[in-house]
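First comes the structure, then the notes that go with it.
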Amino acid sequence: MKIAVPRETAEGETRVALTPQIAGQLAGDGVEVLVQAGAGDASSNLDEAYREAGATIVPDAAALYSQADVVLRVGRPSDEEVEMLREGTVLIGTLGTLAKPELAQKLAKRGVTAISMDAIPRITRAQSMDTLSSQATVGGYKAVLIAAERLPKFFPLLTTAAGTIRPARGIVMGAGVAGLMAIGTARRLGAVVEATDVRPVVKEQVQSLGGTFIEVEMTDEEKAKAETAGGYATEMSDDYKRRQAELIAERVKEADFIITTALIPGRPAPKLVTEEMVKSMKPGSVIVDMAAEMGGNCELTEAGKEVVKHDVRIIGITNLPATMPGSATQMYAKNLQTLLKHLMDDGKIELDFSDEITRGATITHDGKVIHEATAQALGIEVEQPATPPADPPPTDAPSTAPAADKEPT
1 MKIAVPRETA EGETRVALTP QIAGQLAGDG VEVLVQAGAG DASSNLDEAY REAGATIVPD
61 AAALYSQADV VLRVGRPSDE EVEMLREGTV LIGTLGTLAK PELAQKLAKR GVTAISMDAI
121 PRITRAQSMD TLSSQATVGG YKAVLIAAER LPKFFPLLTT AAGTIRPARG IVMGAGVAGL
181 MAIGTARRLG AVVEATDVRP VVKEQVQSLG GTFIEVEMTD EEKAKAETAG GYATEMSDDY
241 KRRQAELIAE RVKEADFIIT TALIPGRPAP KLVTEEMVKS MKPGSVIVDM AAEMGGNCEL
301 TEAGKEVVKH DVRIIGITNL PATMPGSATQ MYAKNLQTLL KHLMDDGKIE LDFSDEITRG
361 ATITHDGKVI HEATAQALGI EVEQPATPPA DPPPTDAPST APAADKEPT
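Residues in the sequence shown are numbered from 1 upward in steps of one, following the working numbering.
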């Protein structure tokens, strides 16, 4: 079986799907690993390291896809790359088909079995495959470093000959993996941190990291619906949002920085920081909006941009893990390796759809969209497959990729 690792084509993406170390371990298991030339350059994983690990360097994307039985990616393939995928190829990456369901239709039409890392169920057995958590860890850490760099004052309490400098005060909105990492990082830098989340169960976790939990009074019914079975936050009632906004508004006035992390799968990011709240903040304050790609938690966030509104700096970086590609790639590659071990049997990908992980993460198979949430986003009915997929295409099959004089962009 040939596993292919292409160079990522999304603007600003610096990660790569496999490190040389993981590629070497896969090669040691009898898998042939192909890596597109330069795929790991931006993350300091150079071609020579892949060669030394036992991988083969392939000059361009067309040559890579024409040989691939399995393609491992970080993000979505471009339209050009979708056309390069051969029928029967297994594509694994963070495909985000809830936000872009039309991609699933294109992959199904190509006869590709698509498995999305962001669709892996958040269950104990799948923790080591959970790229949402691993990449959120990177993002939460980096968000605080960016806030500290942009804020025109120290984070820690300092007592100096020039006087005492009070510590920076921050609010972290959303206490999932990214939020908890942000709290811990800000506390290690010496800031005073408060946190809010619709899930009251995270209060103890926030406090264990040295943060103060901003607790909104909730009815028993609200507590019951605040979290899905998979551990995700859910959309709350308008009345809850009003109470939450009133409580947060008072805290925001004293905050030097805010890190927002609140996301709801398949939905626009909830608006937690209004323009009026921004106006109430001190001049020079900083907001790092980790939900910028899904519309932002702040009303004034502009995705992919850093703007100053009402003397407050609002940062809407849409791919924070890509700003720390070394560690982000290392963690992502380990997640992929663990998933591959789960899916492989005797050197081949064998999908068992009776397994919760396999069933939950598979988006397309046998020419159909089989992922329930993606199918709902497309407005179509889902048909769960009853049998494992066919063997991957033979490596000597003719390429269906179009001729290309240059690499896809």
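C-beta: ideal position from N, C-alpha, C; glycine also.
Ala255 burial status per 10 Å Cβ neighbour count (16 or more: buried): buried
Proximity of Leu132 and Asp118 at Cβ, strictly below 8 Å: yes
Spatial distance of Thr415 from Ala162 (CA atoms): Any question about residue 415 goes unanswered here, given that the chain covers just 1 to 409.
DSSP state of Val16 mapped onto helix, strand, coil: coil
Exposure of Asp346, with buried meaning 16 or more beta-carbon neighbours within 10 Å: exposed
DSSP-derived helix/strand/coil call for Ala4: strand
Residue range of the beta strand (DSSP E) that includes Ile264: First-last for Ile264: undefined, no H or E at that position.
Pick from Ala10, Glu52, Arg125, Leu34 that is closest to Lys341, judged by C-alpha positions: Arg125
Contacts around Met324, its chain only, beta-carbon distance under 6 Å, and the 5 residues preceding and following it disregarded: Val138, Lys142
Straight-line gap, Gly75 to Leu158 (C-alpha atoms, nearest Å): 43 Å
Sequence-distant residues of its chain with Cβ nearer than 6 Å to Val286 (five each side left out): Ala147, Arg150, Leu151, Phe257, Arg313
Identified DSSP bridge partners for Ser116: Gly93
For Glu32, the three-state DSSP class (helix, strand or coil): strand
Any 3 or more C-beta pairs closer than 8 Å across the segment 30-43 and the segment 51-62: yes
With 16 other Cβ atoms within 10 Å as the buried cut-off, status of Val193: buried
Under 8 Å between C-beta atoms of Met294 and Pro321: no
Supposed contact pair Tyr65 and Ala4 - C-beta distance, whole angstroms, cut 8 Å: 7 Å
Beta carbon proximity, Met173 to chain D, threshold 8 Å: Annotation note: the requested chain D is absent from the structure, which comprises a single protein chain.
Three-state class that DSSP yields for His365 in the structure shown: strand
C-alpha gap between Thr301 and Arg51, whole angstroms: 43 Å
Opening and closing residue of the alpha helix (DSSP H) in which Arg187 lies: 177-188
The alpha helix (DSSP H) enclosing Leu103, as first and last residue numbers: 101-109
For Val74, three-class secondary structure by DSSP: coil
Cβ neighbour criterion (16 or more within 10 Å) applied to Pro101: buried
Segment contact, 8 Å Cβ cut-off, at least three pairs: the segment 241-249 with the segment 206-213: no
Sequence-distant residues of its chain with Cβ nearer than 6 Å to Pro388 (five each side left out): Here Pro388 scores only 49 on pLDDT, less than 50, and its place in the model should not be relied on; the value that follows carries that caveat. Glu350, Leu351.
Gly326: first and last residue of the uninterrupted beta strand (DSSP E) it sits in: Note, Gly326: premise wrong, no beta strand (DSSP E); alpha helix (DSSP H) at 325-343.
Best match in Ile120, Arg15, Val278 for proximity to Asp355 [C-alpha to C-alpha]: Ile120
DSSP three-state assignment for Gly304, whether helix, strand or coil: coil
Distance CB(Val273)-CB(Lys309) smaller than 8 Å: no
Delimiting residues of the alpha helix (DSSP H) encompassing Leu158: Premise fails: Leu158 lies in the beta strand (DSSP E), 158-160, not in any alpha helix (DSSP H).
Test item: CB-CB of Asp69 and Val90 under 8 Å: yes
Member of Gly190, Leu189, Asp239, Ile183 whose CA lies at the smallest distance from the CA of Phe213: Ile183
Contact belief for Thr329 with Thr9 at Cβ below 8 Å, rounded distance in angstroms: Wrong, their Cβ atoms sit about 16 Å apart, outside the cutoff.
7 Å CB neighbourhood of Asp130 in its chain, flanking five on each side removed: Ile120, Arg122, Asn335
Spatially closest choice to Leu98 from Pro265, His365, Ala333, Gly326, by CA coordinates: Pro265
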